[in-house]
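As structure tokens, the structure follows; a few thoughts come after it.
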Amino acid sequence: MWVDHSEFMNLVRRVWSIPCNGRPPQVVIGKLKNLKKALKSWNWEVFGDLNANISRKFAELWSVQSQMSDLGFSKELFLTELRFHHDLVVLSRR
């Protein structure tokens with residue numbers, strides 16, 4: 656998920672290029688800590704609350720399926736349902 660995002664590697668490069676002081680092992684640990692903090696923040700900004708997004712998408716899917724049950728098949732509802740299924744697959748991979 657992250658590695659597929661267009662800004663991921665730019666973020667890693669930018670954070671990794673921040674100087675850290677100390678012996679080599681301490682420098683690596685410091686860089687990893689900085690990267691972890693930046694990735695947590697970036698993840699929330701870019702992807703938001705994943706559980707809430709999945710719950711919302713399930714509710715939308717249920718609503719469309721309910722409409723299909725009540726109104727019968729329509730190409731528009733079918734395509735909407737298909738899109739929601741796809742969105743859920745993408746979200747579940749995160």
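Under my numbering, the first residue of the sequence shown is numbered 656, with each subsequent residue one higher. From the three backbone atoms N, C-alpha and C, an ideal C-beta is built for every residue, glycine too. Everything numeric in this text was worked out from a predicted model, so none of it was measured.
Lysine 691 counts as exposed, since fewer than 16 other beta carbons sit within 10 angstroms of its beta carbon. Every alpha helix (DSSP H) stretch that sits fully inside the stretch 668–735 and reaches 4 residues is listed by chain position as 679–702, 705–726. Straight-line spacing of the CA atoms in leucine 737 and glutamate 715 works out to 12 Å. For serine 747, the secondary structure class from DSSP, reduced to helix, strand or coil, is helix. In terms of Cβ geometry, tryptophan 671 and lysine 695 do not form a close pair [threshold 8 Å]. Looking at the backbone, the Cα of tryptophan 657 and that of asparagine 689 are separated by about 17 Å. Taking all protein chains shown into account, phenylalanine 739 has 16 or more neighbouring C-beta atoms within 10 Å of its C-beta and is therefore buried.
Arginine 668 has its alpha-carbon roughly 15 Å from the corresponding atom of valine 682. A direct Cα-Cα distance of roughly 46 Å separates arginine 678 from serine 710.
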